[in-house]
Each structure stands twice: as C-alpha cells, then as structure tokens.
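All residue numbers for the sequence shown refer to full-length UniProt numbering, where the first residue is 1 and numbers rise by one.
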Amino acid sequence: MQQQQPSPSMLVELEALLDRLYQGQVSNEEKQRIEQQLRQYRRTSFNWRYCLEHLDTFRNNQYLWYFAASTIEEMIRGTATWKQLDQSERQQVLHGLMRVMRSYPADVPPLQRDKVAHMLVQVVQKTGSSDPANSYGTFVEVTVELLRDKFQLGLALCRAIGENVGRSASAPEDFTETVQRHAPRIMHEVNRCCGLFAMMATGSPTGTPLDALPPDCKHRYCIQLMELVHQYFTWMRLDQLDAALIGNVAMLACAGDPKMTDAATGSVSALTELLHRNECMGVEPGRRLAEAIFSILVHVTQNSTDDFYQLRVCDLLRQYMKRGWPHGDLLLARGDEVLMMLFRFTVDCAKTELALYLADRVSLWKYVLSEPRIQLNPLLAQQLLGFMHSTLFLRNFPIFEQFHTNDLDANCLEMNLDHYHNQCYDLIIQLAQLLAPNQLQELMQSVLLSNGGHADKGGNPYIDCVQLFRAMVEALRGNGLALGQYSENQIRLCMVDYVAASRLAVELTRAVYSRLAPVDEYVHEATVAHIQLLVELSGLLQPLLQLCKRMRHAKSIFSALTQLILETMHYMQLGPASNVHVAGLGLIERRISPIVTSEMLHAIVTELPRYLVDYQLPAADAGRWMEMVRAALELLDLFLSKALLGPRTSTLVLEQLSKCGGLAKLPHLDRATRGKAYWVVCGCLLQAEQEMMREQGAIATASNNNNNNNPTNGLPSAMLNQYVGTIARGLVEFQPNQWAQSPGDGQNQMVRVLVGELRDLTDLLAYFETHSSSTMRNRLAHAMARPIEQMLAIFRGTSGSLMVAIDATGVELVDSLLDFCNQAVSALQSKLDMRQLQQVIDTLHQLFTAEERYGKYRLRSANTLLGMFRKLVPDPRNQSLMPVIVQVVLQQMLPAMADDTRFNRVEDSFTYEDVLVELYSLLNDLLHHRWQYFVVSNLMMSGEPDMRTILQTESFLAIMNAYGYVLTSHTHYPRVVRYVLKSLVMLDERRNLFRLPFFVERLMDDFIRSLLELALSNTGSLLLEQIAKTLYGISRVDPLRIRVVMFGLNLPTDTTTFNMLQAADDPPSFQAVIERMVKEANARASEL
C-alpha cells in the first residue's frame, strides 16, 4: 500500500507538538487539542508503517521515539486494526521490529529495549494464529542470538516472553503450549549464561565480552538473570528442567563475593520457587536440588551472610521440608551432619538482630521431628532442647521484648511472643520424648527444682521467681530488707520469665508425669511448695496489692500470680483417677495428686475467696488483676465440680464466700469476671442444697414432691433466691414512677444499672443452659421468677418510653432486654409457666410496636423476637401460645418487614437479608411443626391427602402469599429465595403441600408463574436446580397446569417441549428441560 511520506516541515511540527505536550505548561484545552492533532497524524502521515520504518532513527529523540512506538503498539493491541492487516503486513510488522531490536546496541535505554521486546512478543503471539511454530521458532532463534551477542537485549526478550505466558488469544494451537515447547531452547542458553556468571563469581575468566564488564555491571546483570530464572520457574514445565541449570543457580547462591549478595539471594529465591510449585520434577533435577540445598546450608553456616539472604535460605529449607524432603537421599544419608548445621543455623540466628525471626528457624524443627526417616540422637536433642529453653526468657534475650510491639516481616510465622513460646513448648515436649531416662530426669530437675540447668548460667527463672515470691512474703511480714536486692526492673523481668517457665513446667509435667518415679517426686515437691506459697501470698493479698500499687510494673506481678494459681491447679490434678459423687452432677471422674492433703485443700479454700474483695486497684492494672481473679474462680470451681473436700465441699466453700463478701453484688469486677463469680456462687448454692438433702436422705422424696413439700429445701432455696435478688437488686427495686420523676442524669444512671444487671442475668442463664442438670435449672427458674416478673412489669409500666429512649443508654437497655428475654426462653423455656412465656412475648411485641411508633425499626429487635418464636414453636408444650405467635408474626411483623425501606440494610452484625431468612425460617417452622394448627390432619385422612381442609384459612394464605412475594419481589435477596424454595420442597415431601386442595385450587397457578418468571431472571439462573425441583413436585400433581401458564410467558410452548416435561420422570431430567427452555427464552429475548 502506497503511503504518504511526511515532509520535513511536518516532522518539525510534530516534534514541536510533542515538546509542547511533555515539557510546556499546557492547559487542559490545549492538551486536548494537541492530542487530537497527534491522533490525526497517526491516521495519516505518521501512521504505523512510517513509524516502524523510522523507529530506530528516532532513537535520540525520546518524545518522538515514544510517539512512534505508541503508534505501532496501538495498532498491535487493537483487535480491529490488527484483523485488517493481511499476512504480508503482519510479517512486515514482525520483521520490522526484529530488525529494530537487532540494530540496537547492548546499552540502548531500557525503556526502548523493553517496549520493543513486549511489542515483538505480542506480534509473535498474534501471528502465531496462522503459523505458530514457524513464527515463534524464528523468534526464539533471534532471542537466543541476542542473548549470546547482546545480553541485555536477549534478556529483555526472554523476560517479555515470560510476562506474556497465559495471555494468548484463541488460536488453533495455544500460545502458552507453543512457548512451553520452545522453553528448553531458551533455558539452554540461559543455563550457559548462568554458568558464565558462576565462573565469574569464583573469579575465573569466561573468555567472553562479559569479562570486560565492571564488577557492579556484572552484579546487576546477574541479578536480572536470576530474576528471569525465577520467572521461568513459575510457569515452565518441570519435566523440561535441566539439572545443570539447578547446579549453576546453586553455585551462584553460594557465591562468596560480598558484591554478589543480591544475586545470591535471588538465586535462593529462584530455587525456592521450584518448591512453591509443589509439583514433581525429574529424578536428576530433584537430586541436584537436594544437593543445592545441602551446599547452601553449608555456605550459610560457614560464612558471614546477609540477613535477607538468611531469611530466604530459611524459607528454602522450610519449603523443602514441608514437601517431605524430596529426592533427599543425600541429605538423609548425612543426617547427623545436616542436623548439626541446621542446629548451628538456628542458634546463630539468636546472636544477631535476626533473633526477632527466630520463630522461623525454630519452626524448621517441627518438620525435622515429623520426618520418620530422620532419627535425632539424644545428645543433639538435649542441646536443641536446652537452646529452646534458654530462648524463652527475657533475661537471656531482651531483644524479644520487641515481639510485643514490632510488626515483623510477613515471612515470620507470627508477631508475638506467645506464639513463639507455644511453638517452643510443643517442640520441647517432642524432644523430651527422645531423651534417655537419665537425661529426662536431669531436665525435670533443672526445670522444677535446680537453680541452674538449661536456662542460663545465671540461674533458673522458675526457681528465681519462687524465691522472689518468698522474699515478698517476708517483706510483707515486716522484713524490710527482704526485697532490697531487687530493682523494679529485675522484679518485672523475673515475673515475665516465670510465666514462661511455669507454662513450660505445666506442659512438661503433663507429658512425662508417671513415667519415672524420680520425676514424680520432683513434681510432688513442686506441688507442695506451690500450695504453700499460694496460701501464704493469698493470706497477704491486701498488703501485697498495696505494695504493687507503688510499683510501675504491677501488671507483670499479677500475670505471674495468675500463672501461679493455674500451675498449682494443674499440679493438684496430677494423680490417679477415681469416681466420686458430686451433688447435682452425679458420678464424675476425679484426679487428685497423692501428695495433696486435706489440710492443704482446706487452706486453699480458706484463702481463695479473698480474691473477690474490692481492693480499689488503679484502672491501668485492672485488666491483669481480673485475669487473676478469674484464675482463682477457676480453682474454686475445681473444688466444687470435683468435690475435693468431700460430700460437704459446697457447704464449706459457701462458708468462706460468706466471710469474704463473696455473696455480694461485686460491681468492682468486669463483666466477664463478675459473670464467672456469679455462676460459681450460684452453682455452689445449688450444690449445697443437694448436699443438705443428701445428708438428710431426702433426695427421692424431694424429687417426687417437686421440692415444695420437703422441709430440707428451705434455707438453701431461700439463699439462692436471695442471691439472685442481690444480683438483680436494681431491677427488683426499680420504680417506674420514681424513674419518670427523676432528672435526666438520674434516669440515665438507673438505666445503666438495669443494663448491667440484665447482662449479668443473661450471662448466668447462658452458663446454666449448658453446664447444669435439669434439677438445677428448675431451682434457677424458681429463683429467676421475681426478676423476670419485675422486668416485665417495668417495661409494661413505662409503656415503651423507657425502651426506645433515643440516647445510647436507651439503646443498650433495649439490647440487654432482647438478650435477656432470648436467653431466658432458651435456658428456662420448659421451666417457666405459660403465663410467664406469654408475658415475655407480650413484652417483646410491645417493644417491636413501640419502635414502629417511634419510627425506629431495628433489625435486632425483629431478629430476637423471631429467634425466640423459633425456640417456642417446635415444643408441643407451647400449644396454647400458637394463636398469639401466629397473630404477632402474620399481622405485625410480616407486613412491617416486607418493606426493606423501613430497616437499615446493615445493623451491627445483622443484615436485612439475615433477618428475612430468620422470618421465613419461622414461617417454615410454623407450617412444619404446627401443620395440624392450619390443616385438618387425622388418621382417617392420612391416606387421602386430597381430602384435607384448611382450619386457619387467612393465616395459611398469608404464609403462602409471603412465599410468593419472595419469589417475585425479593429476588435481590438470593439467600431468602433459596430458603423459600427449599421450604416449599420440604413441606411437599413431608406434608404433601402441593396436593392440598386449597393449594391446587387457589395457589398453584400463581406459584407456577412465579417460579417460571424467577427462572428467567438473573437470580433464577443461580437457583435453577431448586426452581426445577419445586416445579417438578408441582407437575406431579397436575401436569397440564404448567403448559397453561407457559402460554402467558416468553417460554417455548411447542408440543415437543411439553412432551419432554411430561416424560421427565426424575428431578435431574426435569431440570435439564427447564434449563433448555430458559436458555431458548433468553436467546430470543436478546435478539429483540
């Protein structure tokens, strides 16, 4: 095609426009004008042909060159413009770009080099549609030639190939497969280059122009080469991998020249990529990779290497071990040598700033210990265990304090000290299993008793902290010099290290107790010492806390005391098992240490309730203190749940709780701790009642008389009622009139009290729902009767104004009320009488309607009411509540919730769709569990489903209309639609819904139409299986109905289609016909 050559003046004008565009300060209008003129030039004088012919001559003018290159690239990328080219023009583009690339010197600017390389690959990819092998084969030869003669240009072409893999357009032969087929040719030349750089890394000449390059240039080229290898390793077929290439990359990975560090790191990353692929490679490449890993491990342990290099080596080792040590015969044969180097690699990390990444190194050992072909000798196991033990303590590794604050590299497994400690504990337990008996005995002695051992030469943190605790006891008893040798920072470090040492002691004793008699003796000695120390410290709790208030690091002391309680509780349970009867719980298994005496247990119980006292600690220390209180409550609960003091355990515990104010309201505790205290005390009271009845031999009589006529029930039941009344004092004593007359601040204070108490009662109910017997829940229901009645009376008396207060306290009160009602029904449903359940329903209904009146529909209110109904409906004992539930749901909730504009789409953790699913789940439950409420069902009609009649016509029709509304108007809520379809199928399978005469006569046509319209919608395309299954069930009742309805829709109505529907005798076949109909209908619609 003849093209118009631009005149010199036009070229000057073009250059001026480009200079103006890229260098001048141009306005938006001028910029648009220039760009319009440039587009005109591209279409006329400076088209792609002219630009391709002169591209290499524009090299010195960057703006002009970029304009020409962009013109060519635009033509290549444009599908329409490329298709307009004939085969000769496409070859012209290909050979023209090859000519340009070959004409470039090796040091051409990277922008020009890389852009031409990418255009070349795109052209080869597109021309491959007609001649893939020849076009790409020629291109590969050019690439190899350039890689050999002009390294940077060849590297750019190889890189462009890799970046385009997987982006091929449709072609007779996939571009990616073509590239894969020719990859060995390119990688052969790449391997030759790697060999040359490996020679240069060792200081040997290569006899090539590369020898003349300056060192920094060699290093840069080597980095780029390793990046290319890494890129190809991500996609090339591993069965094409040349073992020699892995060897050369490994040589570069072990380069000792400090200037080659980045290249060596890139080499390690490239080898790691082969393992990330998680694919099998040939035997020889696999063997060379294993050899490479061994060489790299030798290099990193015998030479000083860069931190980042070590991180990459660690990743390489981890990936190799995770894959099961593939082709690792060499490594396994030199097992002891490999493990010693790995041990050194781990230990050396702790000596540098890389200590923060020690978790990565330590994690390697879990793969070592889980590999059955590796046998760790006891000596190395002991050394490794000792090292891990030492790293647990800040006194040895103060840098680990940064684990609490620093964000570590993404390659580090976790970013906190707890994770590292847990990792070490697990590995130490595994290593302990490998120790000889004398080594295990030595380990346990050093952990529990010795003031030396593995921790470090300065002593054992475990024993040191015990001695510090004893010094504190002496100081609190009047010896002012006892703590003189400790600074505050020493106390802090000692306490922090004790927590780590104690947790290790707990894990070790759990694993090895009862294996060796001497070890058991060490454990018993530690048990006695801990019980004595715990009793002494607990007896001095008040002065101890006064001492802590004067310290800056009281939190660390509280954490250590918490661990002391938990560790003591653990030791107490290391013993033989026996079965004992526990009041209210029956026969349970109990373990108790043989060294623990009754006197010790009584001493502990005497002191534990002191932790419930309000010591008025600073807010900054309250969090750690609450952890300690919860630990004390957990130990107290152990006494109760295992009857550690015998048949009168609960009575004895109750006496101690009474002395320390443990039966009070405990407002100084946070919610979680207070809740735990409440259920421990309630459980104690309930068990005490059982103990008293057992002592008097009245259990059977009490059970028969429902606990009402037995005189032995009096005191404990009264105490439980009194205690629950104490917890709910503000609720019980609340006067609506007094609240209405109080000022705003007073009202808010009263509301806050109600909120707190409702939450506490809710937590108590939640615990006893799952952790108590039916008898205990009966007692609790009796005790809860008054608070429930008072709560209902309060909200009835305030006519909803209290519930929908517009400030934050009012919202909290509503939420607390919702949670309490829901939990009361869940935990005590079978224990409450119908009158109370009716009142709970009325209250929540009042809340829902009050919110409607105030214009504040809330998803949470609706969701709670629906959830409560769903708990009540299946229980046959709630038959009398059915009319109320049906009325509230169908006349109040269903009309309100049908309009999504009344509700926020998202509220807290709820969405409108979540609540809609709950609503239709309730409607399903009503029909499924209470079918007889809506439909006449008796034995005479069980064999004649077509004879059934409707009892509650309006209610049944309302539910069916609600189902139909979802299928037609709520299709933007696919979860709801899916549930309704599932419900319809289930109701037909279990209740013969589709054969119900009322459904056949009044509803069937509408449902068929709704289902077919749904199938044609976007939502329906995702639910065709469920839609077809529903239609299949309906078609079994009256096959002609579907054909009649189809005539009014955009669906095939030919006889063939209808016959296929009739012939489909199973849901999959029926679904296939429906899918065909929908596909044809959508195709016709798209043609209109």
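Ideal Cβ positions, reconstructed from N, Cα and C, are used throughout, including at glycine. Bear in mind that the values here come from a model prediction, so they are computed numbers and not experimental data.
Pairing Q741 with Q747, the inter-Cα distance amounts to about 9 Å.
Classified as exposed, F1047 has fewer than 16 neighbouring CB atoms from the shown chains inside 10 Å of its CB.
Listed in chain order, the alpha helix (DSSP H) runs fully inside the stretch 624 to 690 are 649 to 659, counting runs of at least 4 residues. Here S593 is buried: its Cβ has 16 or more other Cβ atoms, across all protein chains shown, within 10 Å.
With fewer than 16 neighbouring CB atoms inside 10 Å of its own CB, S88 falls in the exposed class. DSSP places R590 inside the beta strand (DSSP E), whose first and last residues are G586 to R591. Inter-segment contact for the stretch 249 to 262 and the stretch 222 to 230 is present: three or more beta-carbon pairs are separated by less than 8 Å.
From the listed residues E189, G203, I429 and K555, the smallest Cα separation to R503 is found for I429. In this chain, S578 is not harboured by any alpha helix (DSSP H); it is covered by the beta strand (DSSP E) spanning A577 to V582. Taking every protein chain shown into account, the CB of K126 has 16 or more other CB atoms within 10 angstroms, so this residue is buried. With respect to L761, L731 sits close: the two C-beta atoms are nearer than 9 Å. By the CB criterion at 9 Å, C660 and L612 fall inside the cutoff. Under the criterion of beta carbons closer than 8 Å, V889 and L922 qualify as touching, at roughly 6 Å.
For the 9 Å CB-CB criterion, L380 and F343 form a contact. Going by C-alpha positions, R33 is about 25 Å away from H54. Its chain contains L331 as the residues whose beta carbon lies nearer than 6 Å to that of V338, once the 5 sequence neighbours on both sides are disregarded; these appear in chain order. Spatial neighbours of I950 in its own chain (CB-CB distance under 7 Å, excluding positions within 5 residues in sequence) are listed in chain order as F934, V935, F956 and F998.
Looking only at E1001, Y973 and L1011, the smallest Cα-Cα distance to L984 is reached by L1011. Residue environment: K676 is assigned as buried (16 or more neighbouring CB atoms within 10 Å of its CB, all protein chains considered). In the structure shown, T911 falls within a strand segment according to DSSP collapsed to helix, strand and coil.
Going by beta carbons, T527 and V596 fall inside the 9 Å limit.
Within 10 angstroms of the beta-carbon of L587 lie fewer than 16 other beta-carbons, which makes it exposed.
Residue state for I595 is assigned as coil, using DSSP reduced to three classes. Residues of the same chain with a CB within less than 6 Å of the CB of Q790, apart from the 5 flanking positions on each side, are L731 and V732 in chain order. Excluding residues up to 5 positions away in sequence, M98, M101, R102 and L157 lie with their Cβ nearer than 8 Å to the Cβ of V142 in the same chain.
Excluding sequence positions up to five before and after C548, its CB lies within less than 6 Å of the CB of A554 and I557, all in the same chain and listed in chain order. L754 is a Cβ neighbour of F734, given a cutoff of 9 Å. Counted as a single uninterrupted DSSP element, the alpha helix (DSSP H) harbouring F308 occupies residues D307 to K322. Residue burial is scored here from C-beta neighbours: Q829 has at least 16 other C-beta atoms within 10 angstroms and is therefore classed as buried. Runs of alpha helix (DSSP H) with 4 or more residues, each lying fully within the stretch 97 to 158, are found at 110 to 127 and 132 to 149, listed in chain order. Contact between the stretch 475 to 487 and the stretch 509 to 520 is not established, with fewer than three Cβ pairs separated by less than 8 Å.
For secondary structure counted as the alpha helix (DSSP H) over 4 or more consecutive residues, the stretch 838 to 897 holds these complete runs in sequence order: 859 to 872, 882 to 887 and 894 to 897. Following the DSSP letters along the chain, one finds R1041 inside the alpha helix (DSSP H) bounded by residues P1039 to M1046. Judged by their CB atoms, S295 and A250 are nearer to each other than the 9 Å cut-off.
Residue state for V935 is assigned as strand, using DSSP reduced to three classes. Nearest in C-alpha terms to E353, of all of G328, A333, F393 and I399, is I399.
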